[in-house]
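Chains as they are written, first to last, in the numbering used here: chain A, 24 to 452; chain B, 24 to 452; chain C, 24 to 452; chain D, 24 to 452.
The beta-carbon is built from N, C-alpha and C at its ideal position, and this holds for glycine as well.
Protein chains: 4
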Amino acid sequence: MILRDPVHGLVSFESDEDAIVEALLGARELQRLRHIRQLGLTSLVYPGADHTRFAHAVGAAFVMTRFASRLRQEHGALPFWQRLTSEHAREGVAAALLHDIGHGPFSHLFEEAFPDGPRHEAWTERILLDPATEVNQILCRVDPTLPTRVSELVHGRHRLTYLARTVSGTFDVDRCDYLLRDAHFTGVSYGRFDLDWLIRSLRLGAANEEAAPPLAIDGTRGMPAIESFILARFFMFQQVYFHKASRASEWMLRSIMTRVRQLLLDGARLPALPRGIEDLARRGDTSLDEYLKLDDARMWTALAGLCEVTDEPLRDLCQRLCQRRLFKTIELYGPHGGKEARERAREQVEDIARERGLAPELYVGLDVTRLAAFDERDTSLSVALPGGKSESPAHVSFLLRRLAGESLEQVRLIVAPELREAAREALRL
Amino acid sequence: MILRDPVHGLVSFESDEDAIVEALLGARELQRLRHIRQLGLTSLVYPGADHTRFAHAVGAAFVMTRFASRLRQEHGALPFWQRLTSEHAREGVAAALLHDIGHGPFSHLFEEAFPDGPRHEAWTERILLDPATEVNQILCRVDPTLPTRVSELVHGRHRLTYLARTVSGTFDVDRCDYLLRDAHFTGVSYGRFDLDWLIRSLRLGAANEEAAPPLAIDGTRGMPAIESFILARFFMFQQVYFHKASRASEWMLRSIMTRVRQLLLDGARLPALPRGIEDLARRGDTSLDEYLKLDDARMWTALAGLCEVTDEPLRDLCQRLCQRRLFKTIELYGPHGGKEARERAREQVEDIARERGLAPELYVGLDVTRLAAFDERDTSLSVALPGGKSESPAHVSFLLRRLAGESLEQVRLIVAPELREAAREALRL
Amino acid sequence: MILRDPVHGLVSFESDEDAIVEALLGARELQRLRHIRQLGLTSLVYPGADHTRFAHAVGAAFVMTRFASRLRQEHGALPFWQRLTSEHAREGVAAALLHDIGHGPFSHLFEEAFPDGPRHEAWTERILLDPATEVNQILCRVDPTLPTRVSELVHGRHRLTYLARTVSGTFDVDRCDYLLRDAHFTGVSYGRFDLDWLIRSLRLGAANEEAAPPLAIDGTRGMPAIESFILARFFMFQQVYFHKASRASEWMLRSIMTRVRQLLLDGARLPALPRGIEDLARRGDTSLDEYLKLDDARMWTALAGLCEVTDEPLRDLCQRLCQRRLFKTIELYGPHGGKEARERAREQVEDIARERGLAPELYVGLDVTRLAAFDERDTSLSVALPGGKSESPAHVSFLLRRLAGESLEQVRLIVAPELREAAREALRL
Amino acid sequence: MILRDPVHGLVSFESDEDAIVEALLGARELQRLRHIRQLGLTSLVYPGADHTRFAHAVGAAFVMTRFASRLRQEHGALPFWQRLTSEHAREGVAAALLHDIGHGPFSHLFEEAFPDGPRHEAWTERILLDPATEVNQILCRVDPTLPTRVSELVHGRHRLTYLARTVSGTFDVDRCDYLLRDAHFTGVSYGRFDLDWLIRSLRLGAANEEAAPPLAIDGTRGMPAIESFILARFFMFQQVYFHKASRASEWMLRSIMTRVRQLLLDGARLPALPRGIEDLARRGDTSLDEYLKLDDARMWTALAGLCEVTDEPLRDLCQRLCQRRLFKTIELYGPHGGKEARERAREQVEDIARERGLAPELYVGLDVTRLAAFDERDTSLSVALPGGKSESPAHVSFLLRRLAGESLEQVRLIVAPELREAAREALRL
């Protein structure tokens, strides 16, 4: 099986162990990801960012095949029970392909809109383990224990520590793919890093008889590559994932769902709404079958339908989002962003909204994002030094040492545009 | 106004005459293009190809601003009534932005599915001229004659011949953007060409008092750039636009619409279907309002709904498409593809379908694509030679001379996979 | 061994059979290539084109390792005596690395300046076979027959036809590297093609018991890649290798050497001249030892020295070249370029030079370049079609069929700038 | 005038004020830069890095034209005597083109080899001001005060502060070009940054009646671009400019020159040596005429000649360098690199060299490199915030704040390879 991918170029799955990819790609649950954009509403801001979870899943699986062949150049030094067998490689590539299968419409956004519903990880587990899904059936056909094993690995648990860390860790195949992919599709060049060199610099860390070694990077060659990988992630969060207009549109979606919930609990009927959304709004959960019917297309169709409901705030919010009349943000810098100051600011602006007849819980939001540049306690990747020693990246790298443990916090009020001037004045910003 | 675009990098609209772009981007009819993929069903084959008509429209408008500043470096030699005034530049950029505003869901595909309905050009004209649209209102606010003038220009008619050809011609801003964009998002590198060099090589052809000059390219510097532009287009058709699996999925959509029409005419009710589709299927047209509600999201939602209808063929076709179980193609090479031979072949395979209980008009298609590498009679671009002479590109270029007038025809049968073996045998292929 | 290369990215030689590369890179004769620019005087025209034969040699060797691993995915179907053993792979990579080792200063230019001297192929053979060279000694250390075998392979002779064609053929590792490299360093984007896809499309042609199969390309997947490879070559010739200012500077170097020869044969002494040049000018050959001392640095130093000789024409020509006051070209289009017409034109302009006291054989040149877009009789690459058949590329490809057998001929007079006006007038151009 | 450049693509100089570029490119002193590699001996390590000072000079001039047109979009707000007139723009582009004209062979290396000789800045000034140079004559032809004004500007002095900072400052046209260029030619991707976005983000800082404003960057849009620019510089130093093998080869050249000086002062004759080198070695200076004859080609020719002298150490060092048998490095980490410890280490290894009969001052070096990631006291670039305020980059940027004032120091011993083992043992490393 061979594909063209704008990020990785020629993508092929040709070994015996990769045959699972072609089989799984035919599954209904995976095809569904074709209709879920990787970056939720971000294409409202970066008009190229319409790429889907499907393309990302294939990309992550491909990166896994590259990790696996690299690790096999190194695993000869391990006792045979710690080596990356064909069976383990198959688990790895399946986990990479399926790691995000549980995502709902608009990806992460969906969870934020339904904070009480199951997380996407829980949905992933349901999809993997429910015998009614095609994914489960395809995995079982290879080996009845495979669904459970893949599910464990997706959550970062595996006897081969290094394999677990390729699926879930500081430098995992998920990040490798999404940073490059999101950079390619948004056009934000800061998200690029040198994947070839990084893979070439992969090592196995210090092992012992009992435990398989962790993932490591060659300290002599790999440091600048890993530094620029960490920085790429930092830049992508700053520029894309935490972009003010993205956050504002995400808040709008959340307000819409809040209003939907309010109305449903009041007994209203909203025929435009898919059953799954109704369930989630009413009782915080839905059936797997209904969940799998949800995707971006259904949601946009529903939102278009809700543009015509009689409830004034719901109609208004939906129309604004569909016509991209986005809420605005007010940055609360320095002391203005402190824990008490920001709550006070929110209350002040909520009062303004109330005065103008806008429901404050729908039209005023407080958005706090926090980005750890590099977590110094993170042990998922170590640096292999000459002479067999291992160190943490923060110890070895001049750059990472200065960023370790530091967090960038951004505090913003999100408000309907007509409130911004008054809010600024009231807050004297 | 400044944007990041993965194709052109930094995209800005900052001159007075470009202000129209920002105003138009707020129009509902333009925002709708966010939900129409540029390449219809092609992302079923190239998983990155989820880019939208919206991003293309912005890109084309940006290329127009570059054309305009280049042409203004040259227009000083013209009599003033032939120069590119601010007003004309505004018409140009508006036309570039709006040239595809009439596209239906899945872009060109939609027209093929409703061969009797209005073409997208007709919808574009309706949108531009109907006083109820936001696009019309925004244009009118600038100048009440602007909608008509933009509509004329979109169709390639303008007193300034060279301006008309930048909107519609061999080397127009539409092609400049879509070739690069489709290449970027599919990952098919053959679609790249040197836009900077091409724009730098733009000239105005020979003028006279009566008629404004046509568009031309500098024969000394621009030839390899224009040659590789023509070849890029050729490669993109071969590799992407006429890709066998794209064509097969397009045929499936057409079969679905054929069946929908049959059922509706028989009096069936299909509640999953949007009103606009129903109208088009029943009477070959619909209202502008209903048309504008149609987009890819609505269509995918409708197709998902149709996966549960009772009509066997319709349900089957929709399920196949939604789960990407695509029809297969059989190439009819050489004499097998001749006019009579291919009809005979179709009939043979239709018989096979019939024997197996599959409606031949839905499950067997004959697909003929024809690509003119370079039309020698095309006068939309001339080559400016030293000494003031002009020639046709085919005259000047070694490569184009050999391709001029040559067409690549591909003839394929498109069949449900279960028919392929029998079809091959019957046709002795 | 692992390197960063701007063209191929991460370049590594890590298998046992590639160890020969690291050993050979230490050889004096290979290090000498660091001082020979790949494109002679082309950086006078494209200021980035200062890349060396050394970088190209490494690049070609790397491409060979990629060809070899691809061919080994395919060679399992062959009888074992036709497979690509480690020994053969070593021959291949050594031949790729050493294929140009005999080049003199300014690469191909040097041969044109000394048309009676040995060709670079002859020097390559001497270097490989002379027991005094380090290259010979390193090869012999592995196997005393290796120098001869590598020399045979460099000249395209090998029992394994497909291996021979990777070193010398339409689609060989030399071209694969130099097209991409020259494109990268000149900035001429038309020279790019899709190497990954091409390598992935490599096949072994039809074999039989007696003869190893030729090299082939997968006709289903590889055609657009091979077409764009052929076109890339065509564009690079047009844009770079046959660029008028390159050709003019090359002519100047040839004139300098002509004058040097004249002077030496007249008994003059030219101390600035390296011994090897003196030998070549006097008697058409020199010792290997002296030849190996020649490189671009020596030549530029010599040219700087010759800027101060007393002989007027020699001094003048050297000063012009060192200060980049290049000769100009006059294109002889159409009938003006016919065999008789061009000779007449040359004579006319030589008369003009003579009148002005400029030696015509130094100051007036007739330059005829001829580029076969694609040689239809070329059998070095065939196309593997489904069902085991093979065809020639021109048979299968719409584009190549139209280019096969066609040649682009360019005829130019090269003259000192002060002659151009008069020449144009005399020729009525 | 229009050129193809692999870094900037299409490079053109077409305005009246840019005409000076074409005139200056014909000057002998500028053509000389064609034979001086931008990165000295770095191509011994990165085989693509053969690009020259000439290409860099053209690139820097081109970036200046882009800076100038951007600044002119902004300078309307200034009093007219602070605006960027045509005359000032001409000074700017000339200064950008000529800023490095005084470099000797191997660029910075040459200064390190002759620590007592004039710096390249001094040579630049001589070349600009000496009426015998073509550069001076060309500048004078435009305006007799131009040589002085360009010389002042090259050294960062100009009444228009912002113009001065484009030539010499944190974010100047020199760095903009060399970082991208060195990245392109070495293949080290970490050196890339987003030049388009940076130029678009240029602002003029706060001005007053007396002083022209400094250069600034838009704090809302430009921060990530400037951060990644600073980081690109950091990575290039780490990966390329301070690469251990580069530093080792540079040390070797310095040892060669040390030995040359010793021999000359002892009265030896070294006929292979160019006059300029002899002068510099003997008396620390030479004439401009002799200096201008020096370039990389002369030096390599001289080094080849010196491979045959009778003096053992000089011959040995030259042979090693010409055949790329480079010295090795021993990193002195942490406390081992402290001021006293490293001197002790050097002495220990010098003793080892002495025991083996190798002159310690030639065969053992102590190399200390120090890289300030970002100088917080640097005022050459400020950040323009909304509301007209300005801040230092370190104040505004999360990343730069953590790097400001921090230096990365690397301490290495550089030794002949045969000393490394013994040295490691003696130092217990």
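Where the beta strand (DSSP E) containing residue i begins and where it ends
i: D:Gln-433; result: 430 to 438
i: A:Lys-351; result: 351 to 354
i: B:Gly-32; result: 32 to 35
i: D:Ile-25; result: 25 to 28
i: D:Leu-183; result: Run containing D:Leu-183: none; DSSP gives neither H nor E here.
i: C:Leu-238; result: 238 to 241
i: A:Val-391; result: 387 to 395
Terminal residues of the alpha helix (DSSP H) in which residue i lies
i: B:Asp-219; result: 218 to 223
i: D:Thr-88; result: 76 to 97
i: C:Asp-312; result: 311 to 316
i: C:Val-332; result: Segment: none, C:Val-332 is in no alpha helix (DSSP H) and carries neither H nor E.
Listed by chain order, chain B residues near residue i by CB distance under 7 angstroms
i: A:Thr-324; result: Ala-320, Arg-321, Thr-324
9 angstroms Cβ cut-off: residues of chain C touching residue i
i: A:Asp-219; result: Gly-32, Leu-33
i: D:Ala-291; result: Here the premise fails: no neighbours, minimum Cβ distance about 22 angstroms.
Chain-ordered neighbours of residue i on chain B, where CB pairs are closer than 8 angstroms
i: D:Arg-223; result: Ile-25, Leu-33, Ser-35
i: C:Arg-425; result: Arg-425, Leu-426, Glu-429
i: A:Val-498; result: One cannot answer for residue 498 of chain A here, as it falls past the ends of chain A, which runs 24 to 452.
Cβ-Cβ separation, residue j to residue i (assumed contact under 8 angstroms), whole Å
i: D:Glu-16; j: D:Glu-52; result: As shown, chain D starts at 24 and ends at 452. That puts residue 16 of chain D outside it, with no answer to give.
i: D:Lys-316; j: D:Arg-435; result: So it is not a contact: roughly 34 angstroms between Cβ atoms.
i: A:Gln-346; j: B:Gln-160; result: Actually they do not touch by this definition, with Cβ atoms about 14 angstroms apart.
Contacts of residue i in chain A (Cβ-Cβ under 9 angstroms)
i: B:Ser-66; result: Arg-57, Thr-75, Phe-77, Ala-78
i: B:Arg-51; result: Cys-345, Gln-346
Under 7 angstroms from the C-beta of residue i: neighbouring residues of chain A
i: B:Pro-29; result: Gly-71, His-207, Phe-208, Thr-209, Gly-210
Chain B contact residues for residue i, given Cβ-Cβ distances below 9 angstroms
i: C:Ser-251; result: Ser-212, Tyr-213, Leu-254, Phe-258
i: A:Lys-412; result: Those do not exist, as A:Lys-412 stays about 41 angstroms from chain B at its closest Cβ, beyond 9 angstroms.
Residue i: contacting residues in chain D (beta-carbon distance under 9 angstroms)
i: A:Pro-247; result: Val-211, Tyr-213, Phe-258, Gln-261, Gln-262
Reduced DSSP category for residue i - H, G, I as helix; E, B as strand; rest coil
i: B:Ser-403; result: coil
i: D:Asp-308; result: coil
i: A:Ala-145; result: helix
i: B:Val-413; result: Before going on, a small fix: residue 413 of chain B reads as Ser here, not Val. Reduced to three states, the DSSP call for B:Ser-413 is strand.
i: B:Leu-227; result: strand
i: B:Arg-244; result: coil
i: B:Ala-268; result: helix
Neighbour list for residue i in chain D, Cβ cutoff strictly below 8 angstroms
i: A:Leu-431; result: Phe-421
i: C:Lys-316; result: Ala-327
Under 7 angstroms by beta carbon: chain C residues contacting residue i
i: D:Val-283; result: The contacting residues do not exist; D:Val-283 stays about 18 angstroms from chain C at best.
Where residue i meets chain A, residues with beta-carbon distance less than 8 angstroms
i: B:Gln-54; result: Cys-345, Gln-346, Arg-347
Proximal residues, the region 133 to 163 of chain B versus chain A, C-beta separation under 7 angstroms: Under the 7 angstroms Cβ criterion, the region 133 to 163 of chain B contributes no residue.
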